[in-house]
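*Asks:* Chains as they are written, first to last, in our numbering: chain X, 1 to 334; chain W, 335 to 646. Don't be surprised by glycine CBs; every beta carbon is placed ideally from N, CA and C.
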Amino acid sequence: MTTVSPGLWTLAWRRLRADRVAMASLAVVGLFLLSVVLAATGFVAADWEDEVAVNYAPPTFVGLDPALAALAQPQRPVPPNVFDPLAGDIVELQAQLAKHGHATHLVKKTTLPFGADKWGHDVIRKTIKGGQTSIVVGLVAAFVAVALGTLFGALSGFYGGRVDDLFNWFYSVFTAIPSILMILTVAAVLQTKGVLTIVLILGLTGWTGPYRLIRAEYIKHKAREYVLAADAIGASGWRKMFVHIFPNVSHVALVQMSILVVGFIKAEVILSFLGFGVPVGVVSWGSMLNEAQNELILGKWWQLTAAATAMALLVTAFSLFADALRDALDPKLK
Amino acid sequence: MFAYILRRLWQMLPTMAGVVVLVFVLFNWVGGDPSYLLAGKMADARAIANIRAQLGLDEPWYVQLGIFVRQIATFDFGNAWATGEPVSHIIQSRLGPSLTVLVPLTVLETTIGIALALAIAFVRGSLTDRLVMVACTVGMSISILVYIIVFQYGLAYKLGLFPVQGWGEHFTENLLRYATLPILIGLAVSLAPTLRLFRSFVLDEVGQDYVRTARAKGLPERRIVWVHVLRNAAIPIITYVMANLPALLIGAFLLERFFGIPGIGREVILAVERSDFPVIKAITVYVAFATMVFNLLADLMYRAVDPRVQLT
Chain X
1 MTTVSPGLWT LAWRRLRADR VAMASLAVVG LFLLSVVLAA TGFVAADWED EVAVNYAPPT
61 FVGLDPALAA LAQPQRPVPP NVFDPLAGDI VELQAQLAKH GHATHLVKKT TLPFGADKWG
121 HDVIRKTIKG GQTSIVVGLV AAFVAVALGT LFGALSGFYG GRVDDLFNWF YSVFTAIPSI
181 LMILTVAAVL QTKGVLTIVL ILGLTGWTGP YRLIRAEYIK HKAREYVLAA DAIGASGWRK
241 MFVHIFPNVS HVALVQMSIL VVGFIKAEVI LSFLGFGVPV GVVSWGSMLN EAQNELILGK
301 WWQLTAAATA MALLVTAFSL FADALRDALD PKLK
Chain W
335 MFAYILRRLW QMLPTMAGVV VLVFVLFNWV GGDPSYLLAG KMADARAIAN IRAQLGLDEP
395 WYVQLGIFVR QIATFDFGNA WATGEPVSHI IQSRLGPSLT VLVPLTVLET TIGIALALAI
455 AFVRGSLTDR LVMVACTVGM SISILVYIIV FQYGLAYKLG LFPVQGWGEH FTENLLRYAT
515 LPILIGLAVS LAPTLRLFRS FVLDEVGQDY VRTARAKGLP ERRIVWVHVL RNAAIPIITY
575 VMANLPALLI GAFLLERFFG IPGIGREVIL AVERSDFPVI KAITVYVAFA TMVFNLLADL
635 MYRAVDPRVQ LT
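The structure is reproduced here in structure tokens:
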């Protein structure tokens, strides 16, 4: 008869299950991730760029804005102008648009469940689509940063000596420059806007935190008996590092990643807000806040509220979950 | 002590060299050729060659690196590309406004943070403690952009309590009139993470033996927390604040931008927007050097306040 003793992950999951705050925040994070998947595959919010309502249509619960109601009527067709040299082209373009499902004289709504932006885009759909950009950037950049940090930390901690000196020098150079300045400097140098650029900027500058912790773990583990045993059966350096040791330190990498995701989502929002982030035509929470800043002066508060609330909700849930994950994976702490 | 400082400065050299090389590589290889940018829209080959010669871009890389090192050593980065203003003058004149906001902000943040952290540690584990910690987590998850946009709109634009933005000529006018709202917003944003961190420093101390001894000899809890614990918790707090000062100089860039404060942070943003490489290069290198120096100062201070620490 054999009894299987529960491993690290089973135990951690049990501790996490017992923590109500952790489960609630996990549910919230799960919902956001689901919306990202649905938005990315086109089931939700694919049509966020349709101008479904009048400009700045207020949320339904606020009520109709009479000044905007007049815009809702379909435009009366302009009487044909025989002198218009482009008339033929325009008719052709409109026919093409109609074929692709974009009706030109759509009746526009005067209110939407959570209002519309400057162009009449539905704010809820825009927030979901913007969330897709921000969350994907946060996740991928955190993955890049943790992957780099783990690789450097493993090499540095496992081999020690000259290799360790080299990476430590690298580390001290990168940490001498404050991270936000580093991010802005790289943004200035790269000059190309795009989702990939932000991921690279954040990923290439954010590896220092995971590096330090992973390196410490490798120094601790490389002298343990199971690594000596692996050495005795002739396992190669890479095999010892990533097949034998890595599973035993992977929880550190996971916790680091969940912490970095939060920081990177915040950083992406700031970068996009400043105009160093997502390109024109891509919506993210940062670009929404940028538009919302000017809208607020006109009294149109709904886009700001939508983007800010969505972001605050996700970041709160994600940080609470990251804290709970750290406690669950490392019960000695606290 | 003197030997220690000398050794630390000696150890700084490779890191400084690393920072210089990193910035050099970023701007000279990753960044591409700035002469097309400078020559403008109607550039001909001769104008571009002329600019390349002026910037030293037609020289081999080691000569260019030499030029860069000389610029750093002599504090002479030439003129900013966008405005023609000397870079050294830009840095000097932008430092004052930045410090006008940052010094009061840091002092207030640290004082209030310590007071709150000790007060919270006084009731640790209670409902108040947990509610404050949840409030901190929620407060930290709202983007700094939202704080600035909402406070600037509400307090300055709608209620008219503060100027919406601007900067004057006199120090007192700046501090009392223009810097007040940015400092308040900075405080609102930074207090939550500061409080969380300081609380953990304080909680590290309350389990120590000397606290038990103090209790055993009958000292009131208030005296234990505000005198005995505070003195010991102050050690990590001081080093943390010291080591973070240079980063703060850049960290307030959003406040400076929104409120039109002509500080270092706003200058960095402007330089990134205009691809003004000399300005960014100079600020990056000097802030990195300042970070290293302040780290050393933090370590020295650590020793000054904690006689147990032996610096070797």
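Relative to chain W, which residues along the region 269–284 of chain X have a C-beta separation below 8 Å, given in chain order?
*Replies:* Against chain W - using a Cβ distance shorter than 8 Å - the residues of the region 269–284 of chain X are 269, 270, 273, 274, 275, 276.
*Asks:* Around the Cβ of residue 241 (chain X), are there at least 16 other Cβ atoms within 10 angstroms (buried) or fewer (exposed)?
*Replies:* Per the 10 Å Cβ criterion, buried.
*Asks:* Taking the alpha carbon of residue 614 (chain W) as the point to measure from, which residue in W:575, W:600, W:627, W:625 has its own alpha carbon closest?
*Replies:* Among W:575, W:600, W:627, W:625, the Cα nearest to that of residue 614 (chain W) belongs to W:600.
*Asks:* Suppose the cutoff is 8 Å on Cβ atoms and the five residues either side in sequence are ignored; what does the same chain contact list for residue 104 (chain X) look like?
*Replies:* Any reading at residue 104 (chain X) needs caution, since the residue's pLDDT is 49, under 50, leaving its predicted position unreliable; the model's value is listed next. Answer for residue 104 (chain X): 94, 97, 98, listed in chain order.
*Asks:* Helix, strand or coil: how does DSSP classify residue 8 (chain X) here?
*Replies:* Helix.
*Asks:* Among W:430, W:571, W:611, W:509, which has the Cα closest to the Cα of residue 445 (chain W)?
*Replies:* It is W:571.
*Asks:* Tell me whether the beta-carbon of residue 321 (chain X) lies closer than 8 Å to the beta-carbon of residue 35 (chain X).
*Replies:* No.
*Asks:* So who's on the other strand from residue 413 (chain W), going by DSSP bridges?
*Replies:* W:420, per the DSSP bridge assignment.
*Asks:* Short of 6 Å in beta carbon distance, which residues of its chain neighbour residue 289 (chain X), apart from the five on each side in sequence? Order them along the chain.
*Replies:* Around residue 289 (chain X): 273, 307.
*Asks:* How big is the Cα-Cα spacing for residue 206 (chain X) and residue 185 (chain X)?
*Replies:* The straight-line gap from Cα to Cα measures roughly 14 Å.
*Asks:* Tell me which same chain residues have a C-beta within less than 6 Å of the C-beta of residue 19 (chain X), skipping the five on either side of it?
*Replies:* For residue 19 (chain X), where only same-chain residues beyond five positions count, the Cβ hits under 6 Å are 324.
*Asks:* Is it buried or exposed for residue 118 (chain X), if we count other Cβ within 10 angstroms and need 16 for buried?
*Replies:* That one is exposed.
*Asks:* Out of W:450, W:459, W:381, W:525, which one is the CA nearest neighbour of residue 481 (chain W)?
*Replies:* Ranking the options by Cα distance to residue 481 (chain W), first place goes to W:525.
*Asks:* So residue 434 (chain W) and residue 509 (chain W) are in contact, right, with Cβ under 8 Å, and what is the actual spacing, rounded?
*Replies:* Right, their Cβ atoms sit about 6 Å apart.
*Asks:* Starting from residue 677 (chain W), trace the alpha helix (DSSP H) in both directions and tell me its first and last residue.
*Replies:* Here chain W has residues from 335 to 646 only, and residue 677 (chain W) is not among them.
*Asks:* Give the residues of chain X in contact with residue 483 (chain W), contact being defined as C-beta atoms less than 8 Å apart.
*Replies:* Within chain X, the residues near residue 483 (chain W) are 289, 292, 293, 296, 304.
*Asks:* With the cut-off set at 8 Å, would you say residue 586 (chain W) and residue 597 (chain W) are in Cβ contact?
*Replies:* Cβ atoms of residue 586 (chain W) and residue 597 (chain W): closer than 8 Å.
*Asks:* Alpha carbon to alpha carbon, how far is residue 44 (chain X) from residue 115 (chain X)?
*Replies:* Cα to Cα, residue 44 (chain X) sits roughly 18 Å from residue 115 (chain X).
*Asks:* With distances taken from CA atoms, which of X:256, X:292, X:162, X:271 is nearest residue 214 (chain X)?
*Replies:* For residue 214 (chain X), the nearest C-alpha among the options comes from X:256.
*Asks:* If you follow the alpha helix (DSSP H) that residue 398 (chain W) is part of, which residue opens it and which one closes it?
*Replies:* Looking at the DSSP string, the run of the alpha helix (DSSP H) that includes residue 398 (chain W) is 395–408.
*Asks:* Could you work out which residues of chain W lie near residue 35 (chain X), taking near to mean beta carbons separated by less than 9 Å?
*Replies:* What residue 35 (chain X) touches in chain W: nothing, since even the nearest Cβ is about 18 Å away.
*Asks:* Do residue 411 (chain W) and residue 580 (chain W) count as a contact pair if the criterion is CB distance below 8 Å?
*Replies:* Not a contact, by the Cβ cut-off of 8 Å.
*Asks:* The alpha helix (DSSP H) that contains residue 590 (chain W), what's its start and end?
*Replies:* 587–592 is the extent of the alpha helix (DSSP H) around residue 590 (chain W).
*Asks:* On a CA-only basis, which of X:314, X:133, X:187, X:270 is nearest residue 364 (chain W)? Give me that one, please.
*Replies:* Among X:314, X:133, X:187, X:270, the Cα nearest to that of residue 364 (chain W) is on X:187.
*Asks:* Does the region 615–622 of chain W come within contact of the region 166–178 of chain X, defined as at least 3 CB pairs closer than 8 Å?
*Replies:* At 8 Å Cβ cutoff, the stretches touch.
*Asks:* Indicate the three-state DSSP secondary structure (helix, strand or coil) for residue 610 (chain W) in the structure shown.
*Replies:* DSSP places residue 610 (chain W) in coil when its eight states are reduced to three.
*Asks:* If the criterion is Cβ atoms closer than 8 Å, does the pair residue 357 (chain W) and residue 452 (chain W) meet it?
*Replies:* No, the Cβ-Cβ distance between residue 357 (chain W) and residue 452 (chain W) is not below 8 Å.
*Asks:* With 8 Å set as the bound, which would you pick, yes or no: does the beta-carbon of residue 133 (chain X) sit closer than that to a beta-carbon of chain W?
*Replies:* It does not: the Cβ of residue 133 (chain X) has no partner Cβ on chain W nearer than 8 Å.
*Asks:* Over the uninterrupted alpha helix (DSSP H) stretch that includes residue 181 (chain X), give me the two end residues.
*Replies:* Per DSSP, residue 181 (chain X) belongs to the alpha helix (DSSP H) from 179–190.
*Asks:* Closer than 8 Å between beta carbons: that is the criterion. Which residues of the region 486–503 of chain W meet it against chain X?
*Replies:* Answer in chain order: 487, 491.
*Asks:* Which whole-angstrom value is the C-beta distance of residue 126 (chain X) and residue 48 (chain X), which I expect to be below 8 Å?
*Replies:* Indeed they touch by this definition, with Cβ atoms about 5 Å apart.
*Asks:* Rounded to whole angstroms, what is the Cα-Cα separation between residue 146 (chain X) and residue 492 (chain W)?
*Replies:* Each residue's Cα considered, the two are about 44 Å apart.
*Asks:* Return no unless some Cβ of chain W is closer than 8 Å to the Cβ of residue 104 (chain X).
*Replies:* The predicted model places residue 104 (chain X) with a pLDDT of 49, which falls under 50 and marks its position as unreliable, so this point remains unresolved.
*Asks:* Tell me whether the region 243–252 of chain X and the region 212–227 of chain X touch, counting them as touching only if at least three CB pairs, one residue from each stretch, are closer than 8 Å.
*Replies:* The region 243–252 of chain X vs the region 212–227 of chain X: in contact.
*Asks:* Going along chain X, which residues have a C-beta under 8 Å from residue 602 (chain W)?
*Replies:* In chain order: 181, 184.
*Asks:* Measure the alpha-carbon distance for residue 334 (chain X) versus residue 57 (chain X) and round it to whole angstroms.
*Replies:* Any reading at residue 334 (chain X) needs caution, since the residue's pLDDT is 43, under 50, leaving its predicted position unreliable; the model's value is listed next. One C-alpha to the other measures close to 50 Å.
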